[in-house]
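Novice: Just so you know, my numbering puts 35 at position 15 of the sequence shown, and the rest follows in order with no gaps.
All C-beta atoms, glycine included, are put in the ideal place defined by N, C-alpha and C.
The structure's right below; bear with me while I get my questions together.
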Amino acid sequence: MSIANTPHPIEPLDVGAEMGPLRLQHYGNRILAVMLLLLHAAFVWGQGELWGQAVVLAHYGAFLLWQPFFSGQQRLPWHRALGVLLVGAALAGLHNVWVAALWSVMLAGLLGAVAVTLPSIRERLGLWSAVLYLLLLLFVWLLPQGYGLPVRQVGQVAYWRDSLLLLPLVVMLFPSPRLSRGGSAVDLLYALMFVLILGVLALGSYVAMNLRQSDYAESLLLSMGTLAATLLIFAWLWEPRGGSSGLRNLFSRYVLSLGLPLEEWLKQLSDAAEQQPEPDVFLRGAMAGFTHLPWSTGVTWHTPASSGALGEKSRHATAFSHLEVEVTFYTKTPVNPAFALHLRLLTEIIGYFYAAKTRERAMRANAYSQAIFETGSRLTHDVKNLLQSLKTLCSAAEHSRPEQAMSLQTLMQRQLPQMAKRLEITLDKLKAPEKALDTNQIQAREWWRVLKARYAREELRFTVDEVNATVWLPQELFDSVADNLVQNALRKRVGQPDVAVSVDLETHPFPCLTVCDSGEAVPAEVKDKLFHAPVSTYDGLGIGLYQATKQAASAGYRLELAHNRDGEVCFCLVKGE
């Protein structure tokens, strides 16, 4: 027979794995009721009997089916499984009243701890009914039996004792709780508190009964009253009225500190973060705070860029890492789990601060590079505009006739000094860009005359509201913006020679320069970031209008796209309000 034709074996269904969650959700209270009934049969009816020990094992099996600690699909290691079996064997082997009382106290604490974590009131009522049964059984039957108290009316006591079995039946009337096994189903702190309270109540009644020579009922009431008064006083001290701080705040501060002066260390950390801009210097300052603590002998740290050490190393080392910061704490004694959790939290805080400092340094470097880029781009546009003006003069000189010598000379006398002055301003920006302010002012009529002469050969339409306007304009700003807008408009004539370009200047009530063309509208994706970020173009750096906008804002003007439709694209430079 060929192995390739051998059918695959059918895998058995894990019925227990599928029924585990369903059993807990739909039959949890039924299993709990059966567990309590078996507990009653084992420790009440079967006390001292061999069959009672067998019922104890059945009760313990029902408890294992109900327990919220381990999931039904979980495989327990051998040492945990051995511990579970030893507990069952101890319950069956030590079959006596005190074992039953101790087991009842532990079950009551467990059920109470589960009940306080449930969101549904009906689910909590079912578990509290089970807790009430265990408490009544403990104080009505088990403790009197353990104390050796005589029973005068056996039949009546047995009647009330067995009537407690109605409570496990009541448990089945409530919905089963949806517990999360192996996780957060049990609050161990609440369980421990319930067990301690029940233990104090039981032992307190015994002490009161022997000291005051009173009966059991009176001693139990006295013990309950004393315990209730103590809890009320403690609750008042925990959170007193009137705005004063109580034990709750002290306990919270102690839990947060756990041997580490957290507030003082955080203050040192914030001071170091404010004073030290460099990440490595900040990190050393933050680590220096650990060397002054009583439990610390030294600390070492390591990052991709640097490493360091302070203090002395010891044989007790605890290391944590977060966001490329690895910190090793050296202590005099081993670190307990709670304190290790706090050290991990502090390491994460240091890691976040270090990452923020690293990003801040990168942003400073990027800002410096951006300033260099923007300055170079702006100067490039200025040089490009000067080159365009120079080409215009060269073209005029090449195509001029002898009879135009006087007009050419006049043009050169007017334009060359202006170009030299603009070139000088550009060089000043290159030497000290942060000090190059637009302080040169020029009268509007003079600036307008120079602009018309500069673009006399480009067939532009010039319009001004007042030819002899005496308004003063920032020369560098208007030269730069006008050159950028006019050059952008003339560039459209490369593909569309019939594009008309007009330049308008208004001087009242505020200076306003408008450049329009009859070409295509600016695309929507370009318009959104036209004045807010550099725009990539096929024939330039795409940063001219971006730089012109920033230059206009620094001079109290604003540059905007007044009209944007095919056949009418207008940019306007106007004094800001």
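What is the rounded straight-line gap between the Cα of residue 302 and the Cα of residue 592?
Specialist: On the sequence shown, position 282 is the one that residue 302 refers to. On the sequence shown, position 572 is the one that residue 592 refers to. Approximately 49 Å between the Cα atoms of the pair.
Novice: For residue 501, does the three-state DSSP call read helix, strand or coil?
Specialist: Taking the first residue of the sequence shown as position 1, residue 501 is located at position 481. Three-state result, residue 501: helix.
Novice: Straight-line CA distance for residue 476 to residue 376?
Specialist: Counted from its first residue, the sequence shown places residue 476 at position 456. Counted from its first residue, the sequence shown places residue 376 at position 356. Their backbone Cα atoms lie some 56 Å apart in a straight line.
Novice: Would you kindly work out how many angstroms separate the C-alpha atoms of residue 81 and residue 246, rounded to a whole number?
Specialist: Counted from its first residue, the sequence shown places residue 81 at position 61. Counted from its first residue, the sequence shown places residue 246 at position 226. Going from the Cα of residue 81 to the Cα of residue 246 covers about 38 Å.
Novice: Mind checking residue 492: buried by the 16 CB within 10 Å criterion, or exposed?
Specialist: The residue labelled residue 492 in the question sits at position 472 within the sequence shown. By the 10 Å Cβ count, residue 492 comes out exposed.
Novice: Compute the beta-carbon to beta-carbon distance between residue 367 and residue 347, rounded to the nearest angstrom, for a pair I have assumed lies under 8 Å.
Specialist: By one-based count along the sequence shown, residue 367 stands at place 347. By one-based count along the sequence shown, residue 347 stands at place 327. At roughly 5 Å, the Cβ-Cβ gap stays under 8 Å, so residue 367 and residue 347 are in contact.
Novice: Would residue 195 and residue 146 qualify as a contact pair, given that the criterion is a beta-carbon distance under 9 Å?
Specialist: On the sequence shown, residue 195 is found 175 positions in, with the first residue counted as 1. On the sequence shown, residue 146 is found 126 positions in, with the first residue counted as 1. Yes; because the gap between Cβ atoms is below 9 Å, this pair is in contact.
Novice: Would you mind giving the Cβ-Cβ distance between residue 354 and residue 336, rounded to the nearest angstrom? I have them listed as a contact below 8 Å.
Specialist: Here residue 354 refers to the residue found at position 334 of the sequence shown. Here residue 336 refers to the residue found at position 316 of the sequence shown. At roughly 5 Å, the Cβ-Cβ gap stays under 8 Å, so residue 354 and residue 336 are in contact.
Novice: Would residue 52 and residue 188 be called neighbours here (beta carbons separated by less than 9 Å)?
Specialist: Taking the first residue of the sequence shown as position 1, residue 52 is located at position 32. Taking the first residue of the sequence shown as position 1, residue 188 is located at position 168. A contact, by the Cβ cut-off of 9 Å.
Novice: Within 10 angstroms of its Cβ, does residue 86 collect 16 or more other Cβ (buried), or is it exposed?
Specialist: Along the sequence shown, read from residue 1 onward, the residue named residue 86 stands at position 66. By the neighbour-count rule (16 or more Cβ atoms within 10 Å), residue 86 is buried.
Novice: What is the DSSP secondary structure of residue 373, counted as helix, strand or coil?
Specialist: Looking up residue 373 in the sequence shown gives position 353. Of the three classes helix, strand and coil, the one that applies to residue 373 here is helix, per DSSP.
Novice: Tell me residue 494's beta-bridge partners as DSSP assigns them.
Specialist: As a first step, residue 494 must be located in the sequence shown, where it is residue number 474. In DSSP, residue 494 forms a bridge with 461.
Novice: I need the boundaries of the alpha helix (DSSP H) containing residue 128, first residue and last residue.
Specialist: Here residue 128 refers to the residue found at position 108 of the sequence shown. Run containing residue 128: 117-135, per the alpha helix (DSSP H) assignment.
Novice: What's the C-alpha gap between residue 521 and residue 325?
Specialist: Taking the sequence shown and counting its residues from 1, the one referred to as residue 521 is at position 501. Taking the sequence shown and counting its residues from 1, the one referred to as residue 325 is at position 305. Cα-Cα distance, rounded: 57 Å.
Novice: Between residue 589 and the rest of its own chain, which residues show a CB-CB distance below 7 Å, the 5 nearest in sequence each way excluded?
Specialist: By 1-based counting over the sequence shown, the position of residue 589 is 569. Once the five neighbours on either side are set aside, the close Cβ partners of residue 589 are 536, 537, 539, 541, 542, 583.
Novice: Helix or strand or just coil, what does DSSP make of residue 595?
Specialist: Within the sequence shown, the letter at position 575 stands for residue 595. Residue 595: strand per DSSP, three-state reduction.
Novice: Please tell me whether residue 504 and residue 436 are closer than 9 Å, where the distance is taken between their beta carbons.
Specialist: For the purposes of this step, residue 504 is taken as residue 484 along the sequence shown, with counting starting at 1. For the purposes of this step, residue 436 is taken as residue 416 along the sequence shown, with counting starting at 1. Not a contact, by the Cβ cut-off of 9 Å.
Novice: Assess contact between the segment 215-226 and the segment 234-248, defined as three or more Cβ pairs (one per stretch) separated by less than 8 Å. Is contact present?
Specialist: Output reads yes: the segment 234-248 touches the segment 215-226.
Novice: At what residues does the beta strand (DSSP E) containing residue 524 begin and finish?
Specialist: Here residue 524 corresponds to residue number 504 of the sequence shown, with the count starting at 1. Taken as a continuous stretch (DSSP letters only), the beta strand (DSSP E) holding residue 524 covers 521-526.
Novice: Taking a contact to mean a Cβ-Cβ separation below 9 Å, would you say residue 181 touches residue 154 in this structure?
Specialist: Taking the first residue of the sequence shown as 1, we reach residue 181 at position 161. Taking the first residue of the sequence shown as 1, we reach residue 154 at position 134. For residue 181 and residue 154, no; Cβs fall outside 9 Å.
Novice: Tell me the residue span of the beta strand (DSSP E) that contains residue 537.
Specialist: Numbered from its first residue, the sequence shown carries residue 537 at position 517. Segment 532-537, the beta strand (DSSP E) holding residue 537.
Novice: Distance, Cα to Cα, residue 464 vs residue 525?
Specialist: Translated into positions along the sequence shown, residue 464 becomes position 444. Translated into positions along the sequence shown, residue 525 becomes position 505. Taking the straight line from one Cα to the other gives about 9 Å.
Novice: Tell me the residue span of the beta strand (DSSP E) that contains residue 483.
Specialist: Start at 1 with the first residue of the sequence shown, and residue 483 comes out as number 463. Counting along the chain, the beta strand (DSSP E) containing residue 483 begins and ends at 481-484.
Novice: Going straight from the alpha carbon of residue 531 to that of residue 595, what length do you get?
Specialist: Taking the sequence shown and counting its residues from 1, the one referred to as residue 531 is at position 511. Taking the sequence shown and counting its residues from 1, the one referred to as residue 595 is at position 575. Their Cα atoms are separated by approximately 6 Å.
Novice: Opposite residue 589 in the DSSP bridges: which residues?
Specialist: The residue given as residue 589 occupies position 569 in the sequence shown. In the DSSP output, where bridge partners are listed per residue, residue 589 has 537, 584.
Novice: Would a C-beta distance cut-off of 9 Å place residue 4 and residue 523 closer than the cut-off?
Specialist: Given that the chain is displayed from residue 21 to residue 597, the structure contains no residue 4 and the question cannot be resolved.
Novice: With residue 364 and residue 340 assumed to form a contact (beta carbons below 8 Å), what rounded beta-carbon distance in angstroms separates them?
Specialist: Locating residue 364 in the sequence shown gives position 344, counting from the first residue. Locating residue 340 in the sequence shown gives position 320, counting from the first residue. Rounded, the Cβ-Cβ distance is 5 Å, consistent with contact.
Novice: Start and end of the alpha helix (DSSP H) containing residue 143?
Specialist: Translated into the one-based positions of the sequence shown, residue 143 becomes position 123. Element bounds for residue 143: 141-157.
Novice: Does residue 508 pass the burial test, meaning 16 or more other C-beta atoms within 10 Å, or should it be called exposed?
Specialist: As a working note, residue 508 is residue 488 in the sequence shown. So residue 508 counts as buried.
Novice: Note down the Cα distance separating residue 111 from residue 190, rounded to an integer number of angstroms.
Specialist: Along the sequence shown, read from residue 1 onward, the residue named residue 111 stands at position 91. Along the sequence shown, read from residue 1 onward, the residue named residue 190 stands at position 170. Spanning the two alpha carbons is a distance of roughly 26 Å.
Novice: With distances taken Cα to Cα, identify the nearest neighbour of residue 79 among 486, 309, 55, 417.
Specialist: Looking up residue 79 in the sequence shown gives position 59. Closest by alpha carbon: 55.
Novice: Let's see if you can read the secondary structure: which residues bound the beta strand (DSSP E) around residue 167?
Specialist: Sequence index remark: in the sequence shown, residue 167 carries index 147 (1-based). Run containing residue 167: none in the beta strand (DSSP E); it sits in the alpha helix (DSSP H), 163-167.
Novice: Tell me the residue span of the alpha helix (DSSP H) that contains residue 478.
Specialist: Indexing the sequence shown from 1 puts residue 478 at position 458. Segment: none, residue 478 is in no alpha helix (DSSP H) and carries neither H nor E.
Novice: Assuming residue 218 contacts residue 125 (C-beta within less than 8 Å), just tell me the rounded distance between them.
Specialist: As a first step, residue 218 must be located in the sequence shown, where it is residue number 198. As a first step, residue 125 must be located in the sequence shown, where it is residue number 105. About 5 Å; that satisfies the 8 Å criterion.
Novice: Looking only at its own chain, which residues have a Cβ that is under 7 Å from the Cβ of residue 487, when we skip the five neighbours before and after it?
Specialist: For the purposes of this step, residue 487 is taken as the residue at position 467 of the sequence shown. So the list reads 465, once near-sequence residues are dropped.
Novice: When burial is assigned at 16 or more other CB atoms within 10 Å of the CB, is residue 378 buried or exposed?
Specialist: Indexing the sequence shown from 1 puts residue 378 at position 358. So residue 378 counts as buried.
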